[in-house]
Structures are given as C-alpha cells and as structure tokens.
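**Q** Pasting in a structure now, in structure tokens, and then I'll have a few things to ask.
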C-alpha cells in the first residue's frame, strides 16, 4: 500500500568531476510509501542550495561520503510534518534537516536537525541566516576566528550567505570589517546593507591596491571561503597571532590536478598565525546557542540578510552551478510551497 | 680606559640573499671597554649555531629585525660572568642568553635569558636540549601539537636538535612517533637513540612508499621543520582534527621568488585541521617550566641528545651554511673554552 502523496525528487544521474551541472541530475516521480513505526513524513517547503553541495557529489576525498548515483540529492530542507509514527514528532511540527531535494521526505528522525521554533520569523531563514549559514558564521568566527574588539576582520565572499553574517557579527563584536566580493552590486551590498567598514571588488583591476589600502593595519582574522588568488593577497598581510579560518574553497574549480599556490608556512611562522579548517557539523551539539543568538540579532535589526528564491523543484538541477557562476545575491533557496499551517 | 680583555667577534660583513656563507662574515679583534654602572661582562664558553640564524641576517620580512652590517652576529651563547656592576649578577654566575658570536659580551642584563642552575649537567646543554632547542620542542609539541596518547606524531628533521627532542617527548606522552631524516646515519639515530617507532629517509627513492607505510593510520600531529616536498607528502595524510606545527622551513633555500606548492586549504578544511606557526620567544615567561622538565628527563635517562662541537671561533663563519648542507649530527655548537670555574 502507498500513501496518497506523490513525490518529485532530484537524483544524482552521473558523477561530476568538478562543479555539478544541470545534466548531472534528473528529476524523478515516485509514490510515497506508507510510514513504518518510528518514521515521520515531512512535506518540504524550502530546499537549500549551497556551495558545499558540490563536495557532497564529488568522489574526491571530502568530509562526508559522496551522494550515490541514483540517490536523492543530499540537502537541507525545511517543511512540516504531515504524518508521524514517531513519539518525538507530531503532525504540524515545523522541522529542518537533511531532507533532500524532494517534495516529501521520510525519516526515522535522524535526518532532522531541529524543530523550528522561531515561528515569528520566516521559515526560509531556517535554511540560511538561522540555518547552516548563520550557524557556520557564528561558530567559525567565534571559535576559530576568536575576534577581539579592534581587530581587522577580512571576509571573502562577503556578500554571501555566510560571509555577510560573519561581517555583521564581527562588527557587532567591535571589529573593523573588510569585505571582498565580486562586482559592484555585491560590493555595494557589503557597504550599505551588511555594514562592512570597507568593501573591495576582486573583479576590478585595482583589487590588490584597493585591498591593501583597506587593510592598511594588517589582518587579524581572515574568514576564507575562496582560497585561490584572493587568499594569496590576504595571507601575506596577516598580523602577529592572526587566525585564518578556512570555511570553503569557492575559487578552486577543480582539484585534479591539485592546484598550487604560494606556500603559506613562512607567513604562519613569521606571524605565529593559525590556519584552521572549519566544519559546522563539529558544532552540532551547540546549534541552538547559535540560532538563539542570531534570531535575537535579527529581531533587533542588527543582522541583515538577503535571499534569492528560485521557484519550484525544476530550478534545482542547475542551482549549484549557478552559485559557482556567481549569479546569486544572498542565500539561494528553492521554494516548493508556502502552505505552512 | 679599557679592560685587560681582548675580544674576538664575528660580525656580519655583507647581507646574504639566502643561506649565509662564510664570506658573509668577518672576524674582528677589539678591546673590551670598561663596564658602566648596571653592566656585566660575560666570558662566553659556548656559542650556538642554529638554522633560525639564517633568518636573523636576511632582509626579508621575518619575526625579528635583521642583524645590521658590521654588527656582531646575533646568537645564543653560554658563559660566566667575569665582572659585574649589576645588582642581579655576581662574578662567577653562569648565564646564557643572546650574547653573540664573540669571546666577551657586555650587557645591561637584557641579553641574559637565564642563569644556568643545572650545574650537574654539561653547560653546553643550556644551548641545546636545555636551551632554545629543547624549550622549542617542549612548547611547540605541548601547546601547538597538543598530543594525546595513541596519536601518530610525525617529525621532520627528526635527528636534529629540536626534532629529536620532539620525538622523545611525544613518545613519553604515549604517542607513536615517525621520524623523517636524511641519510642512513640519521635514520639509524632516530631509531636507535631517539626511540622513534619508525624512521624514514627522505633521500631514498622509496621515501613516499616508506612514509605512507610508516603512517598507515594517518597523521595526528605533524611537527614541521622543513616545508617543501616532505610536507607535501605529510599534509595529505592528516587525520581529523590534526595539528600541524610550523617550526621552520629548512628545505626552502630561497624566498625570492616565493616558492609555490600544493594548496593546503582543502586538506585543512576536510580534516578540520590546524596549521600553526610557532616561535619559542612567545613562551619566554614559561622558559623555566620547560627547562625543569627537560633536565629531569635527562637525569632519568629518558631524553637523549647529540652534540657536534666545533672548536674555536674561526669555525663560526661557515657554521650556519654547514647546517644547511646537512653535515652535522645533533646540536651544533662552537666551543671557545672549558674553563668554567
């Protein structure tokens, strides 16, 4: 017997070598099976699109096993429980978690990250500034960046979902913030909406001179989402005891062959600086601490965000590639429906 | 008026671009002036020779200002106070500090690192395993490497003055130790004297395979004194939450042009690993903690060391270049005399 629900889902059709393109996915339709004891059925309202998903489909060594061919694309999603045979969840609960690019997800609860309790704020935020992006910004900056008032904090991908939050949190903690973004529109956002003290455009010919001027006192914290030539300009400008947080490598389009760059060891040694990789999964047990802080900042109008909402699941297959084309402004989401009860 | 003492001193004659060679120094003779109030006169017994001294004479950005042309070569030395007009020092005190490559040093006390109180142990040790080398090993491993029992700790320059101590301390703290050294003699020392669980020769053709076999469970702590191709093999093998301590870059002979290598960011990200530069000067206030621990390890025969003693100040000018030629085994020193009262 199957339930009355029909599920459209985006599965991985073939394995990309680099950035996953639309042709690496296909959309299937399937009926939703009846729930077994201990399971819940979630109707997704919003699907997340984020740069890290590129790594989730690549075969290369990564921090998690890759999505299998034919499997539903792994992703965060937010939605509502429409049926439950699980003691911890009731019909009507609003949840977010690793529910995948699909209309309906069945889980025994392990895919659920949390119940969304900030019902005064838009549900979509639970995938962005109140989701993995904001939580990443909070812990990466607080625990790895360890900013002190007066520090210069440099953020690459400063107009992005994570970077924009990093900049605003750092500013709130008394730091001077320098954003790096691509294009005049994003640079203006950094200055006017996300409150960076300075913002520079890495696509401009005078980027190096502009960045050097914006970081005249050196760099105490570098929140790095790009690697590549942006980092190659930032790293030599670090101050004594600087902290470099590696959160992503967006500028590297391919890891085969492995890219080379100027060696960092001497910079780290001369400045007794730290370069540290960050994965938000390591802070799972403290997730609510971050969400509570971020939600309060939003309510007090001290944390701005931008969203770019694509309509319908057909937008999903090309959505990651679009991120890497730099076409989005703000957190990219796919809206399936708005019918949260 | 001048004192009856004649001082031979090694001064920097010209600035080297890379590794300082004998021709970059010259030896001068000068009379020793009378002491002013607040000064002491130290007769040096041992002069230190260490890889970091290369950086002290290079104009390139470094962690300290370079030695000026015509100035006495900066170095650690150990000796005895032969005259004092300083309330904290008495004739006969044995001291070590930044006394320079010379027979006699005059200081107002600021050049003195410490009084040497381990008179039951050879004075030369205060420049090696009980000096900056041992103290470096202790704090770099303890505070940056943060080893846990059962960790695999990889040490480059494992037969050297610092690396050999790192390996033995790590072993004493319950770790499995893998040493990397150049040549059969040093590899044998690593195995037989410094107690490494495995030691591999980076000069052998099968280095990569041998190292991979020796680090089959991955690398939890990498104490790096080399950078370059050794690091390029080690870094991809790090485990989750690995700590890479950058203590030196001995394999890089020149920083102009700045050398390139495989990018480290993705490795650090995938493993949420840390790469941190270490300078022992940052631990000055805790120097005695390290010396006390190391001295006790030596007395209990749990910390072995090797010294290579060059005789007389004429050996100094070529001594740094010789380090980089890899010709020494153990801590390199220059003995001026043995007449400690």
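Residue numbers (my numbering), protein chains in the order written: chain A, 1 to 341; chain B, 1001 to 1341.
Just so it is clear, CB atoms sit at the ideal spot from N, CA and C, and this is done for glycine as well.
In this text, all values refer to a predicted model and were calculated from it rather than measured experimentally.
(1) Mapping the DSSP letters down to three states, classify residue 311 of chain A as helix, strand or coil.
(2) Hey, is residue 218 of chain A's beta-carbon within less than 8 Å of any beta-carbon in chain B?
(3) Buried or exposed: which applies to residue 1256 of chain B, given that a residue is buried once 16 or more other Cβ atoms fall within 10 Å of its Cβ?
(4) In the DSSP assignment, the beta strand (DSSP E) including residue 180 of chain A goes from what residue to what residue?
(5) Name the chain C residues that come within less than 8 Å of residue 1066 of chain B, Cβ to Cβ?
(6) Around the C-beta of residue 296 of chain A, are 16 or more other C-beta atoms found within 10 angstroms, so that it is buried, or is it exposed?
(7) Alpha carbon to alpha carbon, how far is residue 1250 of chain B from residue 115 of chain A? Give it in angstroms, no decimals.
(8) Taking only three categories from DSSP, how would you classify residue 297 of chain A?
(9) Is the CB of residue 1017 of chain B under 8 Å away from at least one CB in chain A?
(10) Helix, strand or coil, according to DSSP, for residue 1033 of chain B in the structure here?
(11) Sort out for me which residues DSSP pairs residue 7 of chain A with in a bridge.
(12) What's the C-alpha gap between residue 154 of chain A and residue 177 of chain A?
(13) Less than 8 Å separating the beta-carbons of residue 1133 of chain B and residue 1079 of chain B?
(14) In angstroms with no decimal places, state the Cα-to-Cα distance between residue 1214 of chain B and residue 1152 of chain B.
(15) Please list the residues of the segment 277 to 308 of chain A that have a C-beta atom closer than 7 Å to any C-beta atom in chain B, keeping them in chain order.
(16) Relative to the C-alpha of residue 1248 of chain B, which residue among A:263, A:243, A:124, A:238 is closest?
(17) Any idea if residue 103 of chain A is buried or exposed, counting beta-carbon neighbours within 10 angstroms, 16 or more meaning buried?
(18) Using the beta-carbon count (16 or more within 10 Å), is residue 69 of chain A buried or exposed?
(19) I think residue 156 of chain A touches residue 107 of chain A, with their Cβ atoms under 8 Å apart; what is that distance to the nearest whole Å?
(20) Could you tell me which residues DSSP pairs with residue 349 of chain A in its beta bridges?
(21) Does the beta carbon of residue 269 of chain A come closer than 8 Å to any beta carbon on chain B?
(22) Using alpha carbons as the reference points, say which of B:1245, B:1289, B:1269 lies closest to residue 273 of chain A.
(23) Pick out whichever of B:1337, B:1320, B:1327, B:1339 has its Cα sitting closest to the Cα of residue 1058 of chain B.
(24) When you compare the CB of residue 1128 of chain B with every CB in chain A, is at least one pair closer than 8 Å?
(25) What do you reckon, are the CB atoms on residue 268 of chain A and residue 1330 of chain B nearer than 8 Å?
(26) Where does the unbroken beta strand (DSSP E) through residue 224 of chain A begin, and where does it stop?
(27) Among residues of its own chain, excluding the 5 on either side of residue 1066 of chain B, which ones have a beta-carbon nearer than 7 Å to its beta-carbon?
(28) Considering only C-alpha positions, which residue in the set B:1322, B:1337, B:1335, B:1332 is nearest to residue 1020 of chain B?
(29) Can you list, in chain order, the stretches of the alpha helix (DSSP H) that have 4 or more residues and sit fully within the segment 1152 to 1217 of chain B?
(30) Could one say the Cβ of residue 1264 of chain B lies closer than 8 Å to chain A's Cβ atoms, at least one of them?
(31) Comparing alpha-carbon positions, which option in A:206, A:281, A:122 lies nearest residue 306 of chain A?
(32) Under 8 Å by Cβ, that's how I've got residue 333 of chain A and residue 310 of chain A pegged, so tell me the actual separation to the nearest angstrom.
(33) Please classify residue 281 of chain A as buried or exposed, where buried requires at least 16 neighbouring CB atoms within 10 angstroms.
(34) In three-state terms, what does DSSP make of residue 1110 of chain B?
(35) Which chain A residues sit within Cβ distance under 8 Å of residue 1261 of chain B?
(36) Looking at the C-beta of residue 1255 of chain B, does it have a partner C-beta in chain A at a distance below 8 Å?
**A** Here's the rundown:
(1) Look at residue 311 of chain A here: in three-state DSSP terms it is strand.
(2) It does not: the Cβ of residue 218 of chain A has no partner Cβ on chain B nearer than 8 Å.
(3) So residue 1256 of chain B counts as exposed.
(4) 176 to 181
(5) Protein chains in the displayed structure are A and B, and chain C is not among them.
(6) exposed
(7) 53 Å
(8) helix
(9) no
(10) In the three-state reduction of the DSSP assignment, residue 1033 of chain B falls in the strand class, which pools E and B.
(11) A:30
(12) 6 Å
(13) no
(14) In this model, residue 1214 of chain B and residue 1152 of chain B are separated by some 10 Å (Cα to Cα).
(15) 277, 278, 279, 282
(16) A:263
(17) buried
(18) exposed
(19) Rounded, the Cβ-Cβ distance is 35 Å, inconsistent with contact.
(20) Because residue 349 of chain A is not part of the residues shown, which for chain A are 1 to 341, the question remains open.
(21) yes
(22) For residue 273 of chain A, the nearest C-alpha among the options comes from B:1245.
(23) Just measuring C-alpha positions, the residue of B:1337, B:1320, B:1327, B:1339 sitting nearest residue 1058 of chain B is B:1320.
(24) no
(25) no
(26) For residue 224 of chain A, the uninterrupted beta strand (DSSP E) segment begins and ends at 219 to 224.
(27) 1056, 1057, 1058, 1059
(28) B:1322
(29) 1163 to 1172, 1184 to 1192, 1207 to 1214
(30) Judged by the 8 Å Cβ criterion, residue 1264 of chain B is in contact with chain A.
(31) A:122
(32) That pair is a contact at about 7 Å.
(33) Counting other Cβ atoms within 10 Å of its Cβ, residue 281 of chain A stays below 16 and is therefore classed as exposed.
(34) coil
(35) 260, 261, 263
(36) yes
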